[in-house]
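Written below as structure tokens is the structure these notes are about.
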Amino acid sequence: MESQYLIFGCKGQLGDEFMRRLGDSARGFDLPDGDITNALELSDLFEALKPRGVINAAAYTKVDAAEEQPAICRKINAFGPGNLARLCSQYNIPLVHFSTDYVFCGTQKREPLKETDPVFPEGVYAKTKYEGELKAAECPKHLILRTCGLYGRLGENTPGNFVETMKRLGASGRPLKIVADQHCTPTYIPHLVTAALFLLESEKWGLYHVVNSGATTWYDFAMEIFRLEGLTVHADAITTEEWNAPAPRPLYSVLDTSKYHSTGAPAMPSWQDALAEYLGKNQQ
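The numbering used here runs 1 ahead of the 1-based position in the sequence shown.
Printed below as a string of structure tokens:
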């Protein structure tokens with residue numbers, strides 16, 4: 002068989018979508034196998050399989066828990082991508098790596114953020130994801146895609162996402178409190194994967210911001226979920242300070258996708274159209 006892409010984190014939402022799309026061209030790994038933090042095991046794996054490229058969808062994503070588990074978070078989010086970058090460099094193959102809008106946690110800018118804007122990661126999760134970007138960039142053929150608020154078909158290792166949580170809570174009949182001062186663009190995973198595969202196949206190496214178009218808040222996003230699902234929900238808009246989560250959140254992390262779109266890549270649909278597609282509510 003022709004050499005395959007190795008998908009790490011294949012049982013999560015993002016990795017599962019890559020597996021589905023690439024089919025026989027991909028081979029998936031997830032814990033306990035294919036541990037990206039184990040350099041020796043990875044080296045043996047690369048030697049045995051001679052992959053054509055690597056897609057890293059593995060990450061430590063428990064933002065608040067990371068404050069209590071910094072070593073584990075850094076091992077997965079920074080050291081793991083470093084291991085993959087070294088091996089991809091050695092084998093002269095591409096590495097696709099995913100990062101986050103959280104690298105802009107402390108930014109004071111209030112207009113869509115470009116790849117050239119300075120980062121201000123705050124909190125363990127954000128800092129380790131940025132460290133992972135720097136490690137992944139050491140591979141000459143790298144694609145680093147910053148994105149936000151991913152949702153899609155649930156993978157084996159993904160119990161839920163924001164949309165499914167809001168559907169469940171909205172149907173409960175209980176009043177809700179939802180943060181309304183964090184501006185961002187949640188992104189539908191199939192659209193992100195389409196973008197990533199275009200860039201990969203076109204060999205457009207580099208750092209890109211890839212999110213659905215437009216901007217919203219978690220409160221407004223939730224209200225659109227309720228509207229599309231026909232749910233009547235009493236939800237209070239609250240501030241990040243009132244929510245009082247252990248880890249910092251970005252108050253503004255709308256990402257500018259003009260660099261991505263300048264490559265001639267498929268357009269990223271609006272967040273409203275993306276949500277409707279996910280929920281099967283598209284207008285015919």
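Note that CB positions come from ideal geometry on N, CA and C, so glycine has one too. Predicted, not measured: the structure shown is a model, and the values here were computed from it.
Distance between residue 163 and residue 114 (C-alpha atoms, nearest Å): Approximately 23 Å, taken between the alpha carbons.
Burial state of residue 259, where buried means 16 or more other Cβ atoms lie within 10 Å: Result: exposed.
Whether residue 200 touches residue 148 by CB criterion (8 Å): Not in contact: residue 200 and residue 148 (Cβ atoms no closer than 8 Å).
Burial state of residue 275, where buried means 16 or more other Cβ atoms lie within 10 Å: With 16 or more other Cβ atoms inside 10 Å of its own Cβ, residue 275 counts as buried.
Cutoff 7 Å; reference residue 140; Cβ partners in own chain excluding five residues on either side: If we look at residue 140 and ignore the five residues flanking it on each side, its Cβ neighbours are 86, 89, 90, 96.
Strand pairing of residue 83, partner residues [DSSP]: Bridge partners of residue 83: none, in fact.
Segments assigned beta strand (DSSP E), at least 3 residues, entirely inside the region 52-112: Along the length of the region 52-112, whole beta strand (DSSP E) runs at least 3 residues long occupy 54-57, 96-101, reported in chain order.
Three-way DSSP call (helix, strand, coil) for residue 235 in this model: Collapsing the DSSP output to three states places residue 235 in coil.
Residue interval of the beta strand (DSSP E) (run including residue 147): Segment 143-148, the beta strand (DSSP E) holding residue 147.
Bridge partner(s) assigned by DSSP for residue 27: Partner(s): 6.
Coarse secondary structure for residue 207, derived from DSSP in three states: When DSSP states are grouped into helix, strand and coil, residue 207 belongs to the strand group.
Residue span of the beta strand (DSSP E) that contains residue 177, given as start and end: Counting along the chain, the beta strand (DSSP E) containing residue 177 begins and ends at 177-180.
Counted within 10 angstroms of its Cβ, other Cβ atoms place residue 254 as buried (16 or more) or exposed: It counts as buried.
Residue 114 in three-state terms, based on DSSP: Three-state result, residue 114: strand.
Run of the alpha helix (DSSP H) containing residue 252, from where it starts to where it stops: From DSSP, residue 252 is part of no alpha helix (DSSP H); its letter is neither H nor E.
Alpha-carbon spacing of residue 277 relative to residue 49, whole angstroms: Straight-line Cα distance between these residues: approximately 43 Å.
Backbone CA spacing between residue 94 and residue 12 [nearest angstrom]: Distance from the CA of residue 94 to the CA of residue 12, rounded to the nearest whole angstrom, comes to 23 Å.
Same chain, Cβ closer than 6 Å to residue 67, five either side skipped, listed in chain order: Within the same chain, residue 67 has close Cβ partners 74, 125, 126.
Straight-line Cα distance separating residue 146 from residue 198: Residue 198 and residue 146: Cα-Cα distance of roughly 11 Å.
Residue nearest to residue 187 in terms of C-alpha spacing, selected from 17, 153, 207, 203: Measuring from the Cα of residue 187, the nearest candidate turns out to be 153.
For residue 14 and residue 61, the rounded distance between their alpha carbons: Approximately 13 Å between the Cα atoms of the pair.
Endpoints, the alpha helix (DSSP H) within which residue 167 is located: For residue 167, the enclosing alpha helix (DSSP H) covers residues 163-172.
Beta-carbon proximity check, residue 102 vs residue 251, cutoff 8 Å: It is a contact, given that the beta carbons lie within the stated cut-off.
Separation of residue 173 from residue 117, as counted between CA atoms: If you take the alpha carbons of residue 117 and residue 173, they lie about 43 Å apart.
Minimum C-alpha distance to residue 137 - residue among 77, 121, 33, 239: Looking at the Cα atoms, 77 is the closest of the given residues.
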